[in-house]
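K.L.:
Protein chains in written order, with the working numbering: chain P, 129 to 293; chain X, 126 to 650; chain H, 1360 to 1784.
Even glycine gets a Cβ: it sits at the ideal position worked out from N, Cα and C.
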Amino acid sequence: MSTATQEYQAVFAGKTRAQLDEILTRYPAKQAALLPALWLVQRERGWISDRSMTEVAEVLGLTPAYVKGVVTFYTMYHQHPVGKNFVQVCTTSPCNICGAEGVVRALLEHTGAKDLGATSPDGQWTVIEVECLGACGFATPVLINDDFIESVTPEKVPELVRKYR
Amino acid sequence: MPDGLINLTVDGVPVSVAPGTLVIEAAKQAGVLVPHYCYHPGLPVAGVCRMCLVEIEKAPKLQIACATPVTEGMIVRTQSSQAKDARQSVLEFLLINHPLDCPICDQAGECELQDFVFQEGRAGTRYAEYPKRFNPVEDFGPDVLYVANRCILCTRCVRFMEDVAQEPVLNVSERGDRAYIGIHPDARLDHPWAGNVVDLCPVGSLLSKDFLHKARAWELDKSASVCTGCTQGCNVTLDVRDNVIVRVRPRPNLEVNRYFICDHGRMSYRWMNRGDRIEAPLVKQDGELRAVDWDEALDRARALLRGTRGRRGRGGAAVAIVSPKASTEALFLARRVLAGKEREHEWTGAFQVTMGEEAPLAGVPNLALRPERAPNVKGAELLGYTNGVSSALRVAQTAAVVLVLDEPDVPAHGAGALIYLGVTLPESARGADIVLPIANVAEEEGTFVNRDGRVQRYFPAKPAPGMARPAWWALGELLEAPDRPGSAAEAFDLLAGTVDAFAGLSYAALGVTGKGIGQGAGVPA
Amino acid sequence: MGYPHKPHPRETVVLSKHFGDPEARTYKGWVRRGGYEALKNALATDPAAIIEEVKTSGVRGRGGAGFPTGLKWSFMPKEKTKPHYLCVNADESEPGTFKDREIMRWTPHALLEGTAIAAHAIRAEVTYIYVRGEFTEPLAILEKALAEASTAGVFGNMKIYLHRGAGAYICGEETAMMNSIEGKRGNPRIKPPFPAAAGVFGMPTTINNVETLVAVPHILKNGAAWYKGLSLSNPKSTGTKLFSVCGHLAKPGNYEVTMGFPLKDLLYELGGGMRPGRTLKACIPGGSSVPILNREESESCLLDYEGCVEKGTMLGSGGVIVFDDSTDMVYQIMRLARFYAHESCAQCTQCREGTAWTTRILERILTGQGAMKDLDLLLDLADNMTGKTICVLSDSCAAPVVSGIKKFKSEFEAYITGKKRPVAA
Chain P
129 MSTATQEYQA VFAGKTRAQL DEILTRYPAK QAALLPALWL VQRERGWISD RSMTEVAEVL
189 GLTPAYVKGV VTFYTMYHQH PVGKNFVQVC TTSPCNICGA EGVVRALLEH TGAKDLGATS
249 PDGQWTVIEV ECLGACGFAT PVLINDDFIE SVTPEKVPEL VRKYR
Chain X
126 MPDGLINLTV DGVPVSVAPG TLVIEAAKQA GVLVPHYCYH PGLPVAGVCR MCLVEIEKAP
186 KLQIACATPV TEGMIVRTQS SQAKDARQSV LEFLLINHPL DCPICDQAGE CELQDFVFQE
246 GRAGTRYAEY PKRFNPVEDF GPDVLYVANR CILCTRCVRF MEDVAQEPVL NVSERGDRAY
306 IGIHPDARLD HPWAGNVVDL CPVGSLLSKD FLHKARAWEL DKSASVCTGC TQGCNVTLDV
366 RDNVIVRVRP RPNLEVNRYF ICDHGRMSYR WMNRGDRIEA PLVKQDGELR AVDWDEALDR
426 ARALLRGTRG RRGRGGAAVA IVSPKASTEA LFLARRVLAG KEREHEWTGA FQVTMGEEAP
486 LAGVPNLALR PERAPNVKGA ELLGYTNGVS SALRVAQTAA VVLVLDEPDV PAHGAGALIY
546 LGVTLPESAR GADIVLPIAN VAEEEGTFVN RDGRVQRYFP AKPAPGMARP AWWALGELLE
606 APDRPGSAAE AFDLLAGTVD AFAGLSYAAL GVTGKGIGQG AGVPA
Chain H
1360 MGYPHKPHPR ETVVLSKHFG DPEARTYKGW VRRGGYEALK NALATDPAAI IEEVKTSGVR
1420 GRGGAGFPTG LKWSFMPKEK TKPHYLCVNA DESEPGTFKD REIMRWTPHA LLEGTAIAAH
1480 AIRAEVTYIY VRGEFTEPLA ILEKALAEAS TAGVFGNMKI YLHRGAGAYI CGEETAMMNS
1540 IEGKRGNPRI KPPFPAAAGV FGMPTTINNV ETLVAVPHIL KNGAAWYKGL SLSNPKSTGT
1600 KLFSVCGHLA KPGNYEVTMG FPLKDLLYEL GGGMRPGRTL KACIPGGSSV PILNREESES
1660 CLLDYEGCVE KGTMLGSGGV IVFDDSTDMV YQIMRLARFY AHESCAQCTQ CREGTAWTTR
1720 ILERILTGQG AMKDLDLLLD LADNMTGKTI CVLSDSCAAP VVSGIKKFKS EFEAYITGKK
1780 RPVAA
């Protein structure tokens, strides 16, 4: 846990700032760079803190409250720190009937995360259920960080977990 | 019918409106209130509550009246079974997560959810046995509490802060039925106009801490008034319970304040309830002020004034130090008392005004809390009073008579006589020859002239204490008998007939939203 | 991660011709396969002529609504006084649908080519391709393809940018997508104004689905008449369509067939039929937002816009979800309702409250606490959620509930009467 006395380090400095500056050239309005800017924050920090939202607001000429309203709309932005491996399992109907709930149970067990949304004691794993990953023909799709893995079954879970541990 | 208007019928009532008018506004003109929550004429259209669904002939499905512009020959039905069913279902959906804690809710009695459910909601709930959404009460700002559980997500508050105040400190957070009105943890709802979100909230979700549990809506008497907080002249309603002002709310006036007032004005009402009032006329006797009745006090004052007039030629001038919070009628009569009908007597008039910071409402042109914190600076200037009292005070040193109209902070006493009219008896008035108790703005009727020259009436909200009377009456009584006005209206009409700047105006024609004085009419010489 | 099947002889392989061919992903490989020729010709053609050709082809939007593409393009202002925008809807999120993902994974240049032609036709200077946030792989592939093609200079002065979503089904709704691009919550907008008048950044905008745009180069190359001829049933439905087939099926995957193809053949021949020992119970032919078909309806349904309407459902996005006789329909309908409750943007009252309430009632029925009157209540709520909101998310939640109760009522009753053991929901 960070201490209250720690100084906030700006996300948008150096290379990341340069990336944002390039992104800003794509849109006629600064505000339009909000989603990309939040992606950059998440890439750099792993999640988007209230303080980071304030920084994004300052950089894009918005208010922190506005930024927070947007962050809470999109489910892929983390409002809390998550495990090193963030696992999203599709459990919507097409995957559900193909056994997605079994995949979730296997992942919770083998990663040690135990509960949905909780992070395993070693800080390695957070597993959540998500709605439709858009790969229904390849049930069950699992997104581990940015890796999109198709056709996962409970049997394949131990091997998968080993690969990322 | 005039050209260029669109003709339509709403529930069979024909109405003609300007092109571009929304069905919901056209319905108002036809005398039909289409129930609604998210729509507010002072905010951009959101179209989200879906309460104002109406049937429009030839449209394939129900349309929201708040976002549909009128078209020629349109036939709108708000009471068709389809429209009524749709509204009833919206009410049902709104209630499933609503706590129904009306008995402890400040909004009860003036709640649009309560009203419309009573009017056309279902008798019972079908949302059995499920827990309701719960979120804790949040402290949004200096005067605003957010009771999330009562919120119906109409987003009026969010749109006000975003588009009108242009300081988006509120947001809609999360999605679906988890959504609530959010604020960034480091931000406060402390914009100088933030209090409007409480008025805009159609339910008891955004509450004023100042008004919290102070009164039930049905106990309140309402009077039209004009805010005394600055020279903007925002139209307000004074809410009174048991002769105590408990709340000030904006009264719509598209020309002045649209639907809004600032927090400074909203909170500037406690002085109207002061208890340390002068309740009887006082006259000096043996060096002491002694309570007398009005007849005696007025006789003494008239005699005093007559006596001083003879001395004026020898430099015995008359000076009026007035409050810019006084009515135009009182200001006019104070001048008349000293200067006479044809202004044959020498007189000097002045006032001072407290200054503060300007606080504009960004989204509304020409609307701000103005630096001059008094309502009738323009009226005083039009009547020949000077802004700044220092030279008047020099004259007062040797003046035959000084008349002070409710200005406690200027020590105006010189060598001559002092007549003081006030709501309270300040230290500066203890040496007065005559003290006349007057009503405050909440206790009388009259007019103020705002900074743009708009003359606006205010109305009494509660009785004046004791023997206190309106200043226009007390001053009028000091004139010669045939000239004395019998009412504020007569006082104003006398003014309009005398002072060029007010020419053409009449008290009755001012109505409740006022009229502008003629452009280009100069300050009378 | 190869493409799972070789084309079936009954497929009409046009858009999916290069699926599974990694070389087609590269600029050089794409050009070698005849790519970017249509674009080159298009850039030398008057935009109005292109719009006319696309109109004649009869191609309709493949995102779900089926609006004629050429007509949509023709709504853009004739007199150009403001910048025009093109938004490409690559936010494929409709449960049961995974065709656009496959197009982007295997033929990114096909999308870029179709995009550039459309941008030229509507005279858009700037294009945003809105890729759903979860599509990490298609995004990376598109990024690479875009860089290669830009370097090769095939887009001239046009600007094409990728814009990544961040987890919101509703951003697939075109006005929500425009808000999302503008850096706002993905709330659908009230129409009018329509996008062609005031779209993204308030400027004239056209939004097209990935599959629609990928068809355009083929239409220009082979002619509108050729495309129009691709129709097995109703002449108002033309061309080929990728159907994503998933659920209880031997061979799930994307199959490209001519409009009007029998759903029965798609399931039993191309998709390999049911798993051993299982029979078809129900099918949702157009993504989760359309009414469910029972077995008889499924086996007689022709896959085009009109054929689906005839069976009381819709072609939608072409996401075919197959349920066999092992399926607990009550549970799956609850699961779909939960999806919509999760994705509701929270604007409209009926949707915000109705999707969640519907889900709760279904959950209660599953846990054995339901009552018969709950079914009437569900239908009444569904009625109140249909045709009354800004967008159709709320209607989409109602569709499977209404059709589900109508066609599988006995399964609901079994939970309510206690004939079936309660399940955790």
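With C-beta atoms as the reference, is V642 (chain X) less than 9 Å away from V535 (chain X)?
P.N.:
Mapped onto the second sequence, residue 642 (chain X) falls at position 517. Mapped onto the second sequence, residue 535 (chain X) falls at position 410. The question names Val, but residue 642 (chain X) is Ile in the sequence shown. No. Outside cutoff.
K.L.:
State the Cα-Cα distance for the pair K1458 (chain H) and S1676 (chain H), rounded to the nearest angstrom.
P.N.:
Stepping through the third sequence from its first residue, residue 1458 (chain H) is reached at position 99. Stepping through the third sequence from its first residue, residue 1676 (chain H) is reached at position 317. Taking the straight line from one Cα to the other gives about 9 Å.
K.L.:
Taking 9 Å as the threshold (beta carbon to beta carbon), is R1392 (chain H) in contact with chain X?
P.N.:
The residue labelled residue 1392 (chain H) in the question sits at position 33 within the third sequence. False, the Cβ-Cβ gap to chain X never drops below 9 Å.
K.L.:
Residues of chain P with a CB under 7 Å from the CB of R1491 (chain H): which are they?
P.N.:
Translated into positions along the third sequence, residue 1491 (chain H) becomes position 132. Those within 7 Å of R1491 (chain H) in chain P are G262.
K.L.:
Report yes if the C-beta distance between V269 (chain X) and K186 (chain X) is below 9 Å; otherwise report no.
P.N.:
Residue numbering aside, residue 269 (chain X) sits at position 144 when the second sequence is read from its first letter. Residue numbering aside, residue 186 (chain X) sits at position 61 when the second sequence is read from its first letter. The answer is no: Cβ separation not under 9 Å.
K.L.:
Using only the alpha-carbon positions, how far apart do L1501 (chain H) and E1770 (chain H) sit?
P.N.:
Reading the third sequence from its first residue, position 142 is the one you call residue 1501 (chain H). Reading the third sequence from its first residue, position 411 is the one you call residue 1770 (chain H). Spanning the two alpha carbons is a distance of roughly 45 Å.
K.L.:
Chain P beta carbons: is any one of them nearer than 9 Å to that of H1701 (chain H)?
P.N.:
Residue 1701 (chain H) sits at position 342 when you count from the first residue of the third sequence. Closer than 9 Å to some Cβ of chain P, the Cβ of H1701 (chain H) qualifies, so yes.
K.L.:
Three-state secondary structure (DSSP) at A633 (chain X)?
P.N.:
Start at 1 with the first residue of the second sequence, and residue 633 (chain X) comes out as number 508. Helix, per DSSP.
K.L.:
By alpha-carbon positions, which one of H:Y1520, H:M1435, H:F1494, H:T1495 ends up nearest to A1506 (chain H)?
P.N.:
What you label residue 1506 (chain H) is simply residue 147 of the third sequence in a count that begins at 1. Cα-wise, what sits closest to A1506 (chain H) is H:Y1520.
K.L.:
Please list the terminal residues of the continuous alpha helix (DSSP H) segment that includes K1580 (chain H).
P.N.:
Here residue 1580 (chain H) corresponds to residue number 221 of the third sequence, with the count starting at 1. Residues 1569–1581.
K.L.:
Quick one: which residues of the stretch 281–296 of chain X get their C-beta closer than 9 Å to a C-beta of chain P? List them in chain order.
P.N.:
Correct list: V283, M286, E287, E292, P293, V294, L295, N296.
K.L.:
Sorted by chain position, which residues of the same chain lie with C-beta nearer than 8 Å to G440 (chain X)'s C-beta, five sequence neighbours on each side aside?
P.N.:
Residue 440 (chain X) sits at position 315 when you count from the first residue of the second sequence. Caution applies to G440 (chain X), whose pLDDT of 46 falls short of 50 and renders its modelled position unreliable; the value that the coordinates give is listed next. Cβ within range, chain order: T523.
K.L.:
Tell me which residues of the stretch 207–222 of chain P have at least one Cβ-Cβ distance to chain H shorter than 8 Å, keeping chain order.
P.N.:
Cβ contacts with chain H: Q216, T219, T220, S221, P222.
K.L.:
Closer than 9 Å, CB to CB, is E1533 (chain H) near chain X or not?
P.N.:
Your numbering for residue 1533 (chain H) matches position 174 in the third sequence. Output row for E1533 (chain H): interface = no.
K.L.:
What residues in the stretch 178–201 of chain P bring their beta carbon closer than 7 Å to a beta carbon of chain H?
P.N.:
Within the stretch 178–201 of chain P, the qualifying residues are G197, V198, F201.
K.L.:
Could you tell me the distance, in whole angstroms, from the CA atom of H206 (chain P) to the CA atom of K1670 (chain H)?
P.N.:
Taking the first residue of the first sequence as position 1, residue 206 (chain P) is located at position 78. Taking the first residue of the third sequence as position 1, residue 1670 (chain H) is located at position 311. Near 43 Å, if we compare the C-alpha coordinates of K1670 (chain H) and H206 (chain P).
K.L.:
Tell me, to the nearest whole angstrom, how far the beta carbon of A1478 (chain H) is from that of T1466 (chain H); I am working on the premise that it is less than 8 Å.
P.N.:
Locating residue 1478 (chain H) in the third sequence gives position 119, where the first residue counts as 1. Locating residue 1466 (chain H) in the third sequence gives position 107, where the first residue counts as 1. At roughly 18 Å, the Cβ-Cβ gap does not stay under 8 Å, so A1478 (chain H) and T1466 (chain H) are not in contact.
K.L.:
Does DSSP put G1542 (chain H) in a helix, a strand or coil?
P.N.:
Here the question's residue 1542 (chain H) lines up with position 183 in the third sequence. G1542 (chain H): coil per DSSP, three-state reduction.
K.L.:
Helix, strand or coil: how does DSSP classify W84 (chain X) here?
P.N.:
The shown model of chain X, from 126 to 650, leaves out residue 84 (chain X), and the question about it has no answer.
K.L.:
Which residues share a DSSP beta bridge with N1653 (chain H)?
P.N.:
Counting from one through the third sequence, the residue named residue 1653 (chain H) turns up at place 294. BP columns for N1653 (chain H) point to H:A1641.
K.L.:
Going straight from the alpha carbon of V135 (chain X) to that of I149 (chain X), what length do you get?
P.N.:
By 1-based counting over the second sequence, the position of residue 135 (chain X) is 10. By 1-based counting over the second sequence, the position of residue 149 (chain X) is 24. Going from the Cα of V135 (chain X) to the Cα of I149 (chain X) covers about 10 Å.
K.L.:
Going by C-alpha distance, which of X:F457, X:D315, X:L325 is nearest H389 (chain X)?
P.N.:
Against the second sequence, residue 389 (chain X) aligns to sequence position 264. When only C-alpha atoms are compared, the closest one is X:D315.
K.L.:
State the beta-bridge partners of R1523 (chain H) as determined by DSSP.
P.N.:
For the purposes of this step, residue 1523 (chain H) is taken as the residue at position 164 of the third sequence. In DSSP, R1523 (chain H) forms a bridge with H:V1490.
K.L.:
Name, in chain order, the residues that DSSP records as bridge partners for M199 (chain X).
P.N.:
What you label residue 199 (chain X) is simply residue 74 of the second sequence in a count that begins at 1. According to DSSP, M199 (chain X) bridges with X:L133.
K.L.:
Go ahead and label Q232 (chain X) buried or exposed: buried means 16 or more other beta carbons lie within 10 angstroms of its beta carbon, across all protein chains shown.
P.N.:
Within the second sequence, the letter at position 107 stands for residue 232 (chain X). Buried: at least 16 other Cβ atoms inside 10 Å.
K.L.:
Given a limit of 9 Å on CB to CB distance, which residues of the stretch 1700–1724 of chain H reach chain X?
P.N.:
Within the stretch 1700–1724 of chain H, the residues whose Cβ lies closer than 9 Å to some Cβ of chain X are A1700, H1701, E1702, S1703, C1704, A1705, Q1706, C1707, T1708, Q1709, C1710, R1711, E1712, G1713, T1714, A1715, W1716, R1719, I1720, R1723, listed in chain order.
K.L.:
Taking a cut of 7 Å between CB atoms, which residues from the stretch 191–215 of chain X lie near chain H?
P.N.:
Flagged, chain order: A192, A211, S214, V215.
K.L.:
Measuring CB to CB, does G1548 (chain H) end up less than 9 Å from I1749 (chain H)?
P.N.:
Locating residue 1548 (chain H) in the third sequence gives position 189, where the first residue counts as 1. Locating residue 1749 (chain H) in the third sequence gives position 390, where the first residue counts as 1. It should be noted that the sequence gives Arg, not Gly, for residue 1548 (chain H). In contact: R1548 (chain H) and I1749 (chain H) (Cβ atoms closer than 9 Å).
K.L.:
So, helix, strand or coil for K347 (chain X), using DSSP?
P.N.:
Translated into the one-based positions of the second sequence, residue 347 (chain X) becomes position 222. Correct three-state label for K347 (chain X): strand.
K.L.:
Enumerate, from N- to C-terminal direction, the unbroken beta strand (DSSP E) stretches of 3 or more residues contained entirely within the stretch 246–312 of chain X.
P.N.:
263–266, 269–271, 295–298, 305–308, all fully within the stretch 246–312 of chain X.
K.L.:
Within the 9 Å Cβ cut-off, does A304 (chain X) reach chain H?
P.N.:
Looking up residue 304 (chain X) in the second sequence gives position 179. Chain H contact via Cβ: present.
K.L.:
Within 10 angstroms of its Cβ, does S1657 (chain H) collect 16 or more other Cβ (buried), or is it exposed?
P.N.:
Here the question's residue 1657 (chain H) lines up with position 298 in the third sequence. Looking at its Cβ environment, which holds 16 or more other Cβ atoms inside 10 Å, S1657 (chain H) is buried.
K.L.:
Going by beta carbon distance, what residues of the same chain come within less than 6 Å of A1681 (chain H), once the five residues before and after it are set aside?
P.N.:
For the purposes of this step, residue 1681 (chain H) is taken as the residue at position 322 of the third sequence. According to the sequence provided, residue 1681 (chain H) is Val. The question's Ala does not apply to it. Answer for V1681 (chain H): G1606, H1607, L1608, C1642, listed in chain order.
K.L.:
Going by other Cβ atoms of all chains shown within 10 Å of its Cβ, with 16 needed for buried, is L244 (chain P) buried or exposed?
P.N.:
Counting from 1 along the first sequence, the entry for residue 244 (chain P) is found at position 116. When all chains shown are included, L244 (chain P) counts as exposed.
K.L.:
Could you check where the alpha helix (DSSP H) with V169 (chain P) kicks off and where it finishes?
P.N.:
To locate residue 169 (chain P), count along the first sequence from 1; it is residue 41. From DSSP, the alpha helix (DSSP H) with V169 (chain P) extends over 162–173.
K.L.:
Return the Cβ separation of L331 (chain X) and V462 (chain X) in integer angstroms, given the expectation that the two are a contact with Cβ distance under 8 Å.
P.N.:
Within the second sequence, the letter at position 206 stands for residue 331 (chain X). Within the second sequence, the letter at position 337 stands for residue 462 (chain X). So it is not a contact: roughly 48 Å between Cβ atoms.
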